[in-house]
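To start, the structure under review is shown below, and the notes come after it.
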Amino acid sequence: VSTQSTGEEPVRRGDGGMDIKGAAYLPFTVMEDILEKLKLLDYEDGYLLKRGQRPISRTYFAVQGSPGEQFFVFSNLLSWLLGLCGRKFDAPLEDDDPNAVISNIISEIRSLGLNTDFPPSRLKSGYGDEVCYILNQLASKALETRRFAWGRPEYTEEEEEVKQRRLRRNIYHGNHRNSILPHENNSLEMEDL
Numbered sequence: 023v024s025t026q027s028t029g030e031e032p033v034r035r036g037d038g039g040m041d042i043k044g045a046a047y048l049p050f051t052v053m054e055d056i057l058e059k060l061k062l063l064d065y066e067d068g069y070l071l072k073r074g075q076r077p078i079s080r081t082y083f084a085v086q087g088s089p090g091e092q093f094f095v096f097s098n099l100l101s102w103l104l105g106l107c108g109r110k111f112d113a114p115l116e117d118d119d120p121n122a123v124i125s126n127i128i129s130e131i132r133s134l135g136l137n138t139d140f141p142p143s144r145l146k147s148g149y150g151d152e153v154c155y156i157l158n159q160l161a162s163k164a165l166e167t168r169r170f171a172w173g174r175p176e177y178t179e180e181e182e183e184v185k186q187r188r189l190r191r192n193i194y195h196g197n198h199r200n201s202i203l204p205h206e207n208n209s210l211e212m213e214d215l
């Protein structure tokens with residue numbers, strides 16, 4: 023599955039070609055985002071403990087493992103995320119027909135307006151680009167539903183001083199050409215290096 027950058031999220035085309043460099047690493051990057059969003063959604067208590075699941079590793083849906091297990095975990099996590107988005111989607115059982123489960127998944131994610139321009143069979147393995155894409159988009163939707171907003175980071179005075187020292191060091195070493203040192207007398211003290 024390929025992606026095209028439109029500024030925020032990659033656009034899924036599903037034609038099999040990759041449009042960005044490093045696309046093989048995309049599932050790993052997206053998995054990092056998924057885990058951060060899941061933490062914000064309190065998945066440790068709301069999903070893991072209530073459903074008796076083990077924590078998901080940062081590569082769990084990015085690399086192939088046990089297809090049956092990965093599909094089961096994917097579909098159960100998806101069920102939980104859909105619930106957070108206000109949708110009713112019963113968690114599938116291990117012996118449910120995977121094709122029927124996939125059909126229901128595609129129907130639900132289409133109803134949320136998510137792109138489904140990929141072969142549904144790509145979900146059956148329970149890992150890969152499409153699985154990561156769907157989980158990432160659903161986690162984002164769940165955060166929107168909770169009215170979560172990303173804020174600007176707040177730095178302590180100590181962090182701000184470190185940031186200023188780094189800026190002065192970069193300027194001193196020529197990393198910012200034609201810049202004036204942000205120091206009162208435009209000199210650099212040894213302790214700032």
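Taking this note's numbering, I'd label the letters of the sequence shown as residues 23 to 215. Don't be surprised by glycine CBs; every beta carbon is placed ideally from N, CA and C.
- Apart from the 5 residues on each side of it in sequence, GLY150 sits with its Cβ closer than 7 Å to the Cβ of PRO49 and ARG144 in its chain, given in chain order.
- Closest in alpha carbon position to GLY90, among SER147, ARG190 and LEU99, is SER147.
- Taking the C-beta atoms as reference points, ILE127 is found nearer than 9 Å to LEU100.
- At a Cβ-Cβ threshold of 9 Å, ALA171 and CYS107 do not count as neighbours.
- At a Cβ-Cβ threshold of 9 Å, LYS59 and ALA122 do not count as neighbours.
- For TYR47, the number of other beta carbons within 10 angstroms of its own is below 16, and it is reported as exposed.
- DSSP places LEU99 inside the alpha helix (DSSP H), whose first and last residues are 89-106.
- Taking all protein chains in view, the Cβ of VAL85 is surrounded by fewer than 16 other Cβ atoms within 10 Å, so the residue is classified as exposed.
- Residue nearest to THR81 within the set LEU103, ARG168, LYS72 and ILE56 is ILE56 (criterion: CA-CA distance).
- For the pair LEU136 and LEU103, the CB atoms are not nearer than the 9 Å cut-off.
- Residue state for ILE127 is assigned as helix, using DSSP reduced to three classes.
- ILE78 sits in coil when the DSSP states are folded into three classes, being neither helix nor strand.
- The shortest C-alpha to C-alpha distance from PRO120 to any of ASP139, SER97, PHE111 and THR167 is the one to SER97.
- For VAL153, same chain residues with a beta-carbon under 7 Å away, outside a window of 5 residues either side, are PHE83, PHE96 and LEU145 in chain order.
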